[in-house]
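Numbering (the UniProt record's numbering), first residue to last: 1 to 519.
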Amino acid sequence: MNVWVDLDPVWKDSPEAWTSDDCSETGECGLGDPQGWRELEALLSCRDQPEECLSSKVGQGQLCLPASLYQSECTAGRWLICNPEQLITGHLAVLDGEALALLHSFEQPASPAEAALAFSRVPPESLLSLLRLLVGLGFLLPVQADPTQHGSSWPKEEGMILSAWLHITNACNLACQYCYVHKSSEHLAEETARRAVEAIFRSARRHSYRAVHLKYAGGEPTLRLRQVLALHDYALALGAEAQIKVSASLLTNGVALSERAVAALKDHHIRVMLSLDGLGRQHDLQRPFGHGQGSFAYVERALNRLLAAGWPPSVNVTVSRRNLAGLPALLDYLLERDLPFALSYYREHDCSANIDDLRFEEEEMIAGMRAAFAVIERRLPRRRLFSSLLDRTHPGLASRYACGMGRNYLVIDQRGGVAGCHAALGQTITTIAAEDPLEAVRRSSGSGELRALPVEEKEGCQTCRWRYWCAGGCPLLTYRLTGRLDVRSPNCAIYQTLFPDVLRLEALRVLKYGTLFTF
1 MNVWVDLDPV
11 WKDSPEAWTS
21 DDCSETGECG
31 LGDPQGWREL
41 EALLSCRDQP
51 EECLSSKVGQ
61 GQLCLPASLY
71 QSECTAGRWL
81 ICNPEQLITG
91 HLAVLDGEAL
101 ALLHSFEQPA
111 SPAEAALAFS
121 RVPPESLLSL
131 LRLLVGLGFL
141 LPVQADPTQH
151 GSSWPKEEGM
161 ILSAWLHITN
171 ACNLACQYCY
181 VHKSSEHLAE
191 ETARRAVEAI
201 FRSARRHSYR
211 AVHLKYAGGE
221 PTLRLRQVLA
231 LHDYALALGA
241 EAQIKVSASL
251 LTNGVALSER
261 AVAALKDHHI
271 RVMLSLDGLG
281 RQHDLQRPFG
291 HGQGSFAYVE
301 RALNRLLAAG
311 WPPSVNVTVS
321 RRNLAGLPAL
331 LDYLLERDLP
341 FALSYYREHD
351 CSANIDDLRF
361 EEEEMIAGMR
371 AAFAVIERRL
381 PRRRLFSSLL
391 DRTHPGLASR
401 YACGMGRNYL
411 VIDQRGGVAG
421 CHAALGQTIT
431 TIAAEDPLEA
441 VRRSSGSGEL
451 RALPVEEKEG
461 CQTCRWRYWC
471 AGGCPLLTYR
481 LTGRLDVRSP
491 NCAIYQTLFP
501 DVLRLEALRV
511 LKYGTLFTF
């Protein structure tokens, strides 16, 4: 009996965790409690005493399959197994036929002793070790288990990361077709910027956050890079004083990223999130300069500078009808360079509503994504990708909410206004003068056009097996296209169709790079 598992926690390779230097060490990414992974590690550490270890986990009672268990044959005789409705952590493993047969022997509740009789050809110690692993993965549950001990309770907000978007400038050196920012020459003045950071830390202290992640954005923040660096130094000082860890990322188009700028960002430990939508013309179609010239050559130059400096970026790709055909070539390019990336779908808004060739149809997006997935299958990376491939969904990272809006996310505009979403900068809720801006945002999220709803309150989501990996999609997009917040995402059919494809890619990656347990 063989089982393949990737023992690295899912949150280590998520886009959010990548931007935080502390996430990979502490597991405090705001993406879910790593307790389930710690339990799994503890179970695996007692391999020499399987019976005692299993008894301590499940007692002497019966085990059964979770009703929500998902399985699919990923390659001949190899089956991917996961439980997308398991809260907090979402383990995925690959089982051979014999291990799968053992798992299915618990379709009706049975004890480990009964399983040992049914599989008498397997040494009892090996059988118990395998059962221990399946319990640790959440694929078997005690019949009368306390659900809070098996990944069925949600973590508290306190103690995770508070993320904050700082709109450094409203100016930009590109004229991207899908940008939602109404450009101007306004920028975040130095004094306003310092007060903004102070406001972030006031809320962080009041709500007992142990870490803050700052996103320096715009517009194009590299146009005011000196201010960004000085502001980050100030944030580090406030963090040290409050004993709050600080991490940061800079969202940039890369056009003005000089070698000197790259060195400064690396020295300040500010991660770079670089936008790249295709190779050559495919990128230029979506991200030109104001006079129409393409920007790809400048972005590639920035990418090479970052790689040469040993400070590789994470690449943000916005996928629309306009660049969909070029996505396979782009992913081949990124995988060859071992670059982390995240794919996001174009979202219609006021600034782009009249541009028809950005808008995609369901079937063409599904076909285009599958063509891109074929490239990934040929170039399977060691790095986990499945939380980066399907728009804003997070396979393996359960959440009741699609984003941090109204919970653990602040957006501060160039005037010091505070909003709940960076794509809704004009809908300010309070200002940085508030004693606790986060509390004001949380209170406002219960009413109004832009508010956070848990996935259980969204029509069409309650019975979906993927609901905690999708959480109903972007609320802003849903409201724009449907006039409602309490319904599933307009991209729901795309997500439901492609989730199995994404899981299959992850299963193939686990087969190639994961840890093999033989029983």
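By construction, the Cβ of each residue, glycine as well, lies at the ideal position given by its N, Cα and C atoms.
Item to complete: Would you decide whether Ser-72 is buried or exposed? Buried here means 16 or more other CB atoms lie within 10 Å of its CB.
Response: With fewer than 16 Cβ atoms within 10 Å of its Cβ, Ser-72 is classed as exposed.
Worksheet entry | Identified DSSP bridge partners for His-187 | Under DSSP, His-187 takes part in a beta bridge, and its partners are Thr-169.
Worksheet entry | Short Cβ contact (8 Å threshold) for Leu-358 with Arg-322 | Yes.
Practice prompt. Identify the continuous beta strand (DSSP E) that holds Ile-412 and give its terminal residues.
Written response: Element bounds for Ile-412: 409 to 412.
Discussion item. For Asn-170, count the other beta carbons within 10 Å of its own beta carbon; 16 or more makes it buried, fewer makes it exposed. Which is it?
Written reply: Buried, since its Cβ has 16 or more Cβ neighbours within 10 Å.
Discussion item. With three or more beta-carbon pairs closer than 8 Å as the criterion, would you say the segment 76 to 86 touches the segment 120 to 127?
Written reply: Too few Cβ pairs lie closer than 8 Å, so no.
Worksheet item: The beta strand (DSSP E) with His-213 in it runs from where to where?
Response: Note, His-213: beta strand (DSSP E), 211 to 218.
Fill in: Reduced DSSP secondary structure (H/G/I, E/B, other) of Tyr-401
Coil.
Worksheet entry | Simplified DSSP assignment, three categories, for Met-365 | The answer is helix: DSSP assigns Met-365 an H, G or I state.
Practice prompt. Return helix, strand or coil for Phe-373, following the three-state DSSP convention.
Written response: Annotated three-state conformation of Phe-373 is helix, per DSSP.
Item to complete: Compute the Euclidean distance between the alpha carbons of Leu-489 and Phe-519, then round it to the nearest angstrom.
Response: This sequence places Ser at residue 489; Leu is not what is there. Cα to Cα, Ser-489 sits roughly 43 Å from Phe-519.
Discussion item. Whole angstroms are fine: how far does the CA of Ser-387 sit from the CA of Val-317?
Written reply: A straight line joining the alpha-carbon of Val-317 with that of Ser-387 spans about 14 Å.
Item to complete: Indicate the three-state DSSP secondary structure (helix, strand or coil) for Ala-240 in the structure shown.
Response: If DSSP states are grouped into helix, strand and coil, Ala-240 belongs with the helices.
Discussion item. Quick check on DSSP: helix, strand or coil for Arg-281?
Written reply: Of the three classes helix, strand and coil, the one that applies to Arg-281 here is helix, per DSSP.
Worksheet item: Nearest-angstrom Cα distance between Pro-381 and Arg-337?
Response: Roughly 10 Å separates the two Cα atoms.
Worksheet item: Which partner residues of Ser-275 appear in the DSSP bridge assignment?
Response: According to DSSP, Ser-275 bridges with Asn-316.
Worksheet item: What are the complete beta strand (DSSP E) segments, minimum 3 residues, inside the segment 69 to 129?
Response: Unbroken beta strand (DSSP E) stretches of 3 residues or longer found wholly inside the segment 69 to 129: 70 to 75, 78 to 82, 92 to 96, given in chain order.
Discussion item. In the DSSP assignment, the alpha helix (DSSP H) including Leu-476 goes from what residue to what residue?
Written reply: Note, Leu-476: alpha helix (DSSP H), 475 to 482.
Discussion item. Within a Cβ cutoff of 6 Å, which residues of the same chain sit near Arg-480, ignoring the five residues on either side of it in sequence?
Written reply: Around Arg-480: no qualifying Cβ.
Fill in: DSSP-derived helix/strand/coil call for Ala-419
If DSSP states are grouped into helix, strand and coil, Ala-419 belongs with the strands.
Discussion item. For Leu-103, tell me which candidate among Arg-378, Asn-2, Cys-421 has the shortest Cα-Cα distance.
Written reply: The shortest Cα separation from Leu-103 among Arg-378, Asn-2, Cys-421 belongs to Asn-2.
Worksheet item: In terms of DSSP beta bridges, what is Trp-4 paired with?
Response: DSSP output for Trp-4 lists Val-94, Leu-516 as bridge partner(s).
Fill in: Sequence-distant residues of its chain with Cβ nearer than 7 Å to Cys-421 (five each side left out)
Excluding sequence positions up to five before and after Cys-421, its CB lies within less than 7 Å of the CB of Met-405, Val-411, Leu-450, Leu-476, all in the same chain and listed in chain order.
Practice prompt. Count the CB pairs spanning the segment 212 to 232 and the segment 252 to 264 that are closer than 8 Å, and state whether there are at least three.
Written response: With the rule of 3 Cβ pairs closer than 8 Å, the segment 212 to 232 counts as touching the segment 252 to 264.
Fill in: Identity of the residue in Glu-85, Asp-6, Cys-74 nearest Leu-397 by Cα
The residue among Glu-85, Asp-6, Cys-74 with its C-alpha nearest the C-alpha of Leu-397 is Glu-85.
Item to complete: Spell out the partners DSSP gives Val-246 in its beta bridges.
Response: Note: Val-246 is bridge-paired with Val-212 in the DSSP secondary-structure output.
Worksheet item: Using CA coordinates, which residue listed in Pro-288, Tyr-70, Tyr-513 is at the minimum distance from Phe-139?
Response: Per the Cα distances, Tyr-70.
Worksheet item: How far does the beta strand (DSSP E) with Tyr-345 in it reach, from first residue to last?
Response: Residues 341 to 345.
Worksheet item: Any idea what DSSP makes of Ser-387, helix, strand or coil?
Response: Correct three-state label for Ser-387: coil.
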